[in-house]
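Note that my numbering gives residue 578 to position 122 of the sequence shown, counting from 1, and the numbers run on in steps of one.
The beta carbon of each residue, even a glycine, is placed where N, CA and C say it ideally should be.
Heads up, the thing below is written out as structure tokens.
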Amino acid sequence: MNIPENSIINFSDFISSISDGQLSSWAANLPKDIQCSMAPDRWGDMPTWEQALRSLPEINCSKLDLKNGVFIGQLGDSSNTEIKYLEQSLMKLHPWRKGPFFISGLHIDTEWRSDWKWDRIIPHISPLDEKLVLDVGCGNGYHCLRMAGEGAARVIGIDPSIKFIYQFYAIKNYINQYFHQTKVNSQILVDVLPVKAESLPKKLKAFDTVFSMGVIYHRRSPSEHLSKLWSLVKPGGEVVLETLIIEGGLGDQLKPKGRYAKMSNVWSIPSIETVLCWMEENKFKNCRVVDISITSFKEQRSSNWMKFESLSNFLDKTNSRLTVEGYPAPIRAVFVAEA
Ligand SMILES: C[S@@+](CC[C@H](N)C(=O)[O-])C[C@H]1O[C@@H](n2cnc3c(N)ncnc32)[C@H](O)[C@@H]1O
């Protein structure tokens, strides 16, 4: 039986694959959590997304490279007509925020250059070879695929935004086609599940590396989020936290009144010292900041695949150091620590 019933996305194989071993306590709750988060009455557009996934065309995929980007197939694998049809099918899942993806020569030019974030993170973390990895708030799973490209044994992403889950399975469909067509005798184990971090069992302590990127400022209690991450990672494992930050000292944090850069659900943007203090209070060891970067109009922008407003509309037209609400413009930092 599919979970939820009749969906083209089938989580049953994933659930049986974790029903023995270190993730078994999670397997018991998952069917109920998935059913609840994918309840059709919560998502009016769900039939369109289901239909988009069902109508994806089969195309040739002669190559797979997840190490240098997300490249599935290559130019020349498909005719112009096939590419046009592929483009129209994937466009039904607009807006595409995280990427880019390249499928059989089609460039899904997403709002974000998520590959730039990955390039900033990867030199600073422990190798992912053979690791069990969790990506909390993974969006459409772009970084999950890059984690697999780094050799992770298994990557699990979680995100409660259901359209992103459909985007992930649209992309995964072509990875499956690559393995099916080329008969290459290996697989990549990457799954994205429609659940929130809070619904994972207490004290799972199973993952070698846990990522939380772009999530903590959306959480009402940053400390609870960090404590959750700590409870998910194995003793000695690593947590990679990426967040918006402000300039300032220990204890400083911006609590926007109303929106921040037109986002409605930003609760708190801390200084670096404040994040390090929160991490230490939550029992993390060797907490360090490894990257700080100002988000540029090249990294976040509208495109054909994300036609809505983007960073240039979120900043003050006369002073790009401020958001339209008068707050400091987005700066992001990456923190690494051990449990
Ligand atoms: C800014 S996006 C970041 C996506 C991706 N991690 C990245 O860095 O590009 C934040 C994501 O966190 C997800 N999210 C929000 N609350 C969450 C929660 N409680 N548990 C897991 N994910 C959550 C949102 O649905 C959204 O996709």
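Less than 7 Å between the CB of I618 and some heavy atom of ligand 1, yes or no?
As a position in the sequence shown, residue 618 is number 162, starting the count at 1. No.
Is it buried or exposed for G796, if we count other Cβ within 10 angstroms and need 16 for buried?
What the structure shows of the chain is the stretch from 457 to 795, and residue 796 is not part of that stretch, so it cannot be assessed.
Hey, T730 and D747 are a contact pair by Cβ (cut 8 Å); roughly how many whole angstroms apart?
Taking the sequence shown and counting its residues from 1, one reaches residue 730 at position 274. Taking the sequence shown and counting its residues from 1, one reaches residue 747 at position 291. Wrong, their Cβ atoms sit about 17 Å apart, outside the cutoff.
Along the chain, where does the beta strand (DSSP E) containing G613 start, and where does it finish?
Along the sequence shown, read from residue 1 onward, the residue named residue 613 stands at position 157. That run of the beta strand (DSSP E) goes R610 to I614.
For C743, which residues from the same chain have a beta carbon less than 7 Å from its beta carbon, with the 5 sequence-adjacent residues on both sides left out?
Translated into the one-based positions of the sequence shown, residue 743 becomes position 287. Excluding sequence neighbours, C743 sits near L732, M735, E736, F791 and A793.
My guess is that T665 and L584 are in contact by the Cβ rule of under 8 Å, so how many angstroms apart are they, rounded?
Within the sequence shown, the letter at position 209 stands for residue 665. Within the sequence shown, the letter at position 128 stands for residue 584. Yes, they are in contact, since the Cβ atoms of T665 and L584 sit about 6 Å apart, within 8 Å.
Taking the straight line between their C-alpha atoms, what separation do you get for K773 and V780?
Counting from 1 along the sequence shown, the entry for residue 773 is found at position 317. Counting from 1 along the sequence shown, the entry for residue 780 is found at position 324. Cα to Cα, the separation comes out at about 8 Å.
Ignore the nearest five residues each way along the sequence and tell me which others in L656's own chain have a CB closer than 7 Å to its CB.
Residue numbering aside, residue 656 sits at position 200 when the sequence shown is read from its first letter. For L656, where only same-chain residues beyond five positions count, the Cβ hits under 7 Å are W482 and L688.
When every heavy atom of ligand 1 is checked, does at least one fall within less than 7 Å of the C-beta of I471?
By 1-based counting over the sequence shown, the position of residue 471 is 15. No - ligand 1 has no heavy atom lying nearer than 7 Å to the Cβ of I471.
What number of angstroms, rounded off, separates the C-alpha of N769 from the C-alpha of E538?
The residue labelled residue 769 in the question sits at position 313 within the sequence shown. The residue labelled residue 538 in the question sits at position 82 within the sequence shown. Their backbone Cα atoms lie some 35 Å apart in a straight line.
Among R610, A662, K658 and S668, which has the Cα closest to the Cα of S642?
Looking up residue 642 in the sequence shown gives position 186. Out of R610, A662, K658 and S668, R610 has the C-alpha closest to the C-alpha of S642.
In this structure, how does DSSP classify S776 when only helix, strand and coil are distinguished?
Counting from 1 along the sequence shown, the entry for residue 776 is found at position 320. DSSP places S776 in strand when its eight states are reduced to three.
Secondary structure at R788, three-state DSSP: helix, strand or coil?
As a position in the sequence shown, residue 788 is number 332, starting the count at 1. Strand, per DSSP.
Looking at F624: is its Cβ nearer than 8 Å to the Cβ of G597?
Residue numbering aside, residue 624 sits at position 168 when the sequence shown is read from its first letter. Residue numbering aside, residue 597 sits at position 141 when the sequence shown is read from its first letter. Going by C-beta atoms, F624 is nearer than 8 Å to G597.
Out of V745, N775, I515 and T751, point me to the one whose CA is closest to H580's CA.
Reading the sequence shown from its first residue, position 124 is the one you call residue 580. The shortest C-alpha separation from H580 is found at V745.
Is it the case that the stretch 457-465 contacts the stretch 485-503, given that we only count it when at least three CB pairs across the two stretches are under 8 Å?
yes
Using a Cβ-Cβ cut-off of 6 Å (strictly less than) and excluding sequence neighbours within five positions of K741, which residues of its own chain qualify?
Here residue 741 refers to the residue found at position 285 when the sequence shown is read from its first residue. Around K741: E794.
Top-ranked residue by Cα proximity to K554, from A785, P784, Y783 and M762:
Here residue 554 refers to the residue found at position 98 when the sequence shown is read from its first residue. Among A785, P784, Y783 and M762, the Cα nearest to that of K554 belongs to M762.
Are there any heavy atoms of ligand 1 lying less than 7 Å away from the beta-carbon of G555, as far as the coordinates show?
As a working mapping, residue 555 is identified with position 99 in the sequence shown. Flag unset: Cβ of G555 not near ligand 1.
Under 7 Å: does the beta carbon of H580 sit that close to some heavy atom of ligand 3?
Of the ligands this structure carries, namely ligand 1, none is ligand 3.
Exposed or buried, which one is F470 when buried takes at least 16 other CB atoms within 10 Å?
Working through the sequence shown from its first residue, we reach residue 470 at position 14. That one is buried.
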